[in-house]
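Protein chains in written order, with my numbering: chain B, 1 to 14; chain H, 15 to 270.
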């Protein structure tokens with residue numbers, strides 16, 4: 001299984 | 015208040031159909047420039063961003079910012095009552111408890127009216143910066159859908175490799191492996207059937223097929239889809255509409 005990153009790791013809260 | 019008349023109810027039907035399996039409850043943010051939506055899926059791996067410009071409506075009126083908190087399952091149930099060709103009018107008050115939808119057939123001898131209860135949704139908005147992607151691929155949306163569906167039979171994930179003249183989708187699973195290679199080509203008679211690649215540098219990234227198959231439910235919105243890739247940045251999958259877009263962002267898998 002390849003680990004999955006999350007969207008929050010790239011884009012920050014406005 | 016909001017009052018927005020859409021010539022073709024089919025546009026909203028297709029938008030909701032495209033995103034309802036990814037997100038359940040979301041705010042439709044209305045202001046004078048149009049109606050927009052941003053939401054992440056429950057696992058925070060994918061994000062959908064939708065925009066319908068005021069230019070797509072006639073007339074369009076929205077004096078204040080209004081957030082319509084909608085359960086997409088409920089909206090789907092109501093939109094099932096609309097024909098694709100029906101004229102759809104959305105109405106809401108400034109601090110609305112409900113959204114009013116009226117569907118009229120083109121002959122104007124039938125009109126149906128529905129109200130959907132709204133909900134308070136506390137949603138975080140993410141800032142998505144303008145990105146210069148290493149590779150941008152435009153291909154027929156039906157082709158992309160077929161590739162994702164076929165490869166998802168073999169594996170959970172797909173590696174997308176973009177080079178100067180081709181884009182390769184490959185996967186490997188328990189029963190074996192598979193790949194589809196698309197060469198850049200221009201179809202002059204049917205431009206929507208072309209595959210084009212804009213490349214700054216070659217890129218190879220791995221993504222979950224489950225999400226990509228889900229994104230492909232937006233294929234009815236546009237004959238073509240644009241994939242934008244850069245190393246260690248979420249994949250952008252964009253379906254353009256006449257006056258707007260549906261964009262999906264998918265975080266890559268790592269350690270490949």
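All C-beta atoms in this analysis are idealised placements derived from N, C-alpha and C, irrespective of residue type, glycine included. Since the structure is predicted, the reported quantities are computational estimates derived from the model, not experimental observations.
Can you confirm whether residue i, when its beta carbon is compared against all beta carbons of chain B, has any partner nearer than 7 Å?
| i | result |
| --- | --- |
| residue 139 of chain H | yes |
| residue 169 of chain H | no |
| residue 101 of chain H | no |
| residue 220 of chain H | yes |
| residue 189 of chain H | no |
| residue 33 of chain H | no |
| residue 268 of chain H | yes |
What residues from chain B crowd round residue i, counting only those whose CB sits closer than 9 Å?
| i | result |
| --- | --- |
| residue 263 of chain H | 7, 10, 11 |
| residue 247 of chain H | 10 |
Whole angstroms are fine: how far does the CA of residue j sit from the CA of residue i?
| i | j | result |
| --- | --- | --- |
| residue 130 of chain H | residue 105 of chain H | 11 Å |
| residue 221 of chain H | residue 42 of chain H | 28 Å |
| residue 29 of chain H | residue 115 of chain H | 16 Å |
| residue 5 of chain H | residue 149 of chain H | With chain H covering 15 to 270 only, the question about residue 5 of chain H has no answer from this structure. |
| residue 19 of chain H | residue 101 of chain H | 7 Å |
| residue 81 of chain H | residue 44 of chain H | 6 Å |
| residue 152 of chain H | residue 250 of chain H | 12 Å |
| residue 90 of chain H | residue 84 of chain H | 10 Å |
| residue 243 of chain H | residue 217 of chain H | 7 Å |
| residue 135 of chain H | residue 54 of chain H | 13 Å |
| residue 32 of chain H | residue 120 of chain H | 25 Å |
| residue 173 of chain H | residue 158 of chain H | 14 Å |
| residue 22 of chain H | residue 40 of chain H | 22 Å |
| residue 227 of chain H | residue 167 of chain H | 11 Å |
| residue 178 of chain H | residue 201 of chain H | 18 Å |
| residue 96 of chain H | residue 225 of chain H | 28 Å |
| residue 112 of chain H | residue 204 of chain H | 44 Å |
| residue 98 of chain H | residue 92 of chain H | 13 Å |
| residue 73 of chain H | residue 37 of chain H | 29 Å |
| residue 140 of chain H | residue 211 of chain H | 28 Å |
| residue 246 of chain H | residue 10 of chain B | 9 Å |
| residue 132 of chain H | residue 107 of chain H | 12 Å |
| residue 6 of chain B | residue 118 of chain H | 42 Å |
| residue 155 of chain H | residue 236 of chain H | 7 Å |
| residue 248 of chain H | residue 122 of chain H | 45 Å |
Applying a beta-carbon distance threshold of less than 7 Å, which residues of chain B neighbour residue i?
| i | result |
| --- | --- |
| residue 142 of chain H | 11 |
Which residues, in order along the region 44–71 of chain H, keep a beta-carbon less than 9 Å from a beta-carbon of chain B?
54, 55, 57, 58, 59, 60, 61
Could you name each continuous beta strand (DSSP E) segment of 3 residues or more that falls completely within the region 66–103 of chain H, going from the start of the chain to the end?
74–76, 80–85
Taking the runs of the beta strand (DSSP E) that are 3 residues or longer, which of them lie wholly in the region 231–262 of chain H?
238–243, 249–255
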